[in-house]
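Residue numbers (the numbering used here), protein chains in the order written: chain F, 1 to 148; chain S, 1 to 411.
Contents: one structure, followed by commentary.
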């Protein structure tokens, strides 16, 4: 089940019955297109990110793919540096990436190259900072409950 | 800087000059929401109209963003259950279940059959609750007002049963990592049995009420079409995609919590319009009632929580007599249980579609990252292709047929 072969795959991991592919961020679009067209992963279930602050590379961009026939799921992970984090958008492969990538841009400040409309989606447009980063306080910067 | 009066008049005059040449078709921008009764929450849609045709529709979300994913990182594993209730407030048990299953996957816990059966039974009861609210409000939007009263009459019964089990009508937090919160109350079989035996006849009643109404049919049939390719590409799941003929249901394709032991059909239609989505949900209500009856009839004996003293709070009686139970209780309450480092992704079929949590643990008593893949968020991406090119009068029916919950979208 887990023998995916593509030059972008750096490592394959199996844990808890789930397959994880660690991929080269520079070739993510190629890999995704390969998985969609040759391995039948026609659905993008979600895209998310994990912040490993202060480790470097700081961010992990995580793609969860789903194939309907046969039923299987795979996780693709890319490690992205914390200074000027950027990765190519997979919008050209699945349009479902649109809002997920906007959400990651909003919450983690990760840029997605070639995204058609990369603006904040959940937070107000003039918000400062990226709330899901680990160095962002839970209560935000604006309202200091600690002082009250 | 203060403008002189003459300048002011000149600026106004410049804007009021009509452009030369033939008049281009005038586009009107209409702002729908965020406070609009038929958006079912705080959804804003910027609609561009030419006449009565929608040329462009752009959803604007985030008005109900409460930072639940961020808050999850600040509290311990057991406390997160209460937040999952508030993600999708019409099907909180499905959210409890997907969280519990993901944490149990990380802990590699075995759940006793009785807890699994109770989970299936209550999640299906919650599906009835969600579909009843949907049917009532959707029919109300289209103009069939009495449906609302019928559906909320039955929903009240569902909420009473939920209250009986958990002490809460809506934010139940009943399904927790390790099992369910409490032993089922005395007399639950009588109360639930009475409700579920007469429920299928109630569904027939709804069907009679709506299907013999020509206005309902005219307003729903052939309205709200969206191509299958678009839906798969945009990640649409749930009754939306099943109404287009694709039997995509996590309960069948990747069974969890012993769903493989229950006999039920995945409701599908092929018309792919608002009416088909209504028929799919009606059929799902009947199937759910069937699953609840099977769960009641075959309810196994035994424990309702896993035998995992480091995760599940000990019995009150044991705490008075056993040292270990007291120590575990102290550890779980003060520090919270620890989850081995790792990551897990678990999908569950909620009334709205595939809901999946991606949880990363770093081995401490707090989650490192909880990502919620919610069906409403993905389904709303399909709003522009659904609305564009249709009439503004149909937009309410199309919107309602998606059945999104804004708490689920914005998290």
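The beta carbon of each residue, even a glycine, is placed where N, CA and C say it ideally should be.
What you are looking at is a predicted structure, and each value in this text was computed from that prediction instead of being measured.
- Near chain S, meaning a CB-to-CB distance below 9 Å, the residues of the stretch 31 to 45 of chain F are 42, 43, 44 and 45.
- For residue 41/F, same chain residues with a beta-carbon under 6 Å away, outside a window of 5 residues either side, are 35, 65 and 67 in chain order.
- For a cut-off of 8 Å, the C-beta gap from residue 95/S to residue 355/S is around 7 Å, short enough to register as a contact.
- Nearest neighbour of residue 51/S by Cα position, chosen from 110/S, 65/S and 29/S, turns out to be 29/S.
- Listed in chain order, the non-local C-beta contacts of residue 90/S below 6 Å within the same chain comprise 130, 133 and 405, local neighbours out to five positions each way being set aside.
- Using a Cβ distance threshold of 8 Å, residue 410/S and residue 64/S count as a contacting pair.
- Interface annotation, residue 333/S: not in contact with chain F, CB-CB separation never under 8 Å.
- About 6 Å separates the beta carbon of residue 185/S from that of residue 165/S, a gap short enough to meet the 8 Å contact definition.
- Closer than 8 Å to the CB of residue 366/S there is not a single CB belonging to chain F.
- In the structure shown, residue 338/S adopts coil according to DSSP, grouped into three states.
- In the three-state DSSP reduction, residue 46/F falls in the strand class (E or B).
- A Cβ-Cβ distance of about 11 Å is found for the pair residue 388/S and residue 45/S, leaving them out of contact under the 8 Å criterion.
- Within chain S, no residue has its beta carbon less than 8 Å from that of residue 29/F; the closest one is some 16 Å off.
- Setting aside the 5 residues that flank it on each side, residue 74/S is surrounded in the same chain by 366, each with a C-beta closer than 8 Å to its C-beta; the list follows chain order.
- Checking the DSSP bridge columns, you'll see residue 88/F partnered with 113/F.
- When only Cα atoms are considered, residue 394/S and residue 6/F end up about 47 Å apart.
- Within 8 Å of the CB of residue 344/S, the CB atoms of chain F belong to 16 and 18, in sequence order along the chain.
- Ranked by how close their Cα comes to the Cα of residue 239/S, the residues 270/S, 280/S and 263/S have 280/S in first place.
- As for any alpha helix (DSSP H) of minimum length 4 sitting wholly inside the stretch 38 to 80 of chain S, the runs are 68 to 72, ordered along the chain.
- Assignment of beta-bridge partners to residue 66/F by DSSP yields 43/F and 73/F.
- As the crow flies, the alpha-carbon of residue 74/F is around 46 Å from that of residue 215/S.
- Neighbours of residue 369/S in chain F, taken as residues at a C-beta separation under 7 Å, are given in chain order as 50.
- Under the Cβ criterion of 8 Å, residue 402/S is not counted among the residues facing chain F.
- If you ignore the 5 residues before and after residue 110/S, its C-beta comes within less than 7 Å of the C-beta of 306, all in its own chain and listed in chain order.
- Neighbours of residue 105/S in chain F, taken as residues whose beta carbon is under 7 Å from its own, are 16 in chain order.
- If you draw a straight line from the Cα of residue 10/S to the Cα of residue 60/S, it is about 36 Å long.
- Closest in alpha carbon position to residue 378/S, among 235/S, 358/S, 265/S and 144/S, is 235/S.
- A Cβ-Cβ contact shorter than 8 Å links residue 93/F with residue 33/F.
- Not one beta carbon of chain F lies nearer than 8 Å to the beta carbon of residue 40/S.
- In this structure, residue 15/F sits away from residue 76/F, with a CB-CB distance that is not shorter than 8 Å.
- With a threshold of 8 Å between beta carbons, residue 123/F makes contact with chain S.
- Burial check for residue 138/S: the Cβ neighbour count within 10 Å reaches 16 or more, so the residue is buried.
- Residue 407/S: member of the alpha helix (DSSP H) spanning 406 to 410, first to last residue.
- Between residue 244/S and residue 228/S, the C-beta spacing is below 8 Å.
- Chain-ordered listing is empty here: chain F has no CB closer than 7 Å to the CB of residue 259/S, the nearest sitting near 14 Å.
- Contact of residue 76/F with chain S is not assigned, every C-beta pair being separated by 8 Å or more.
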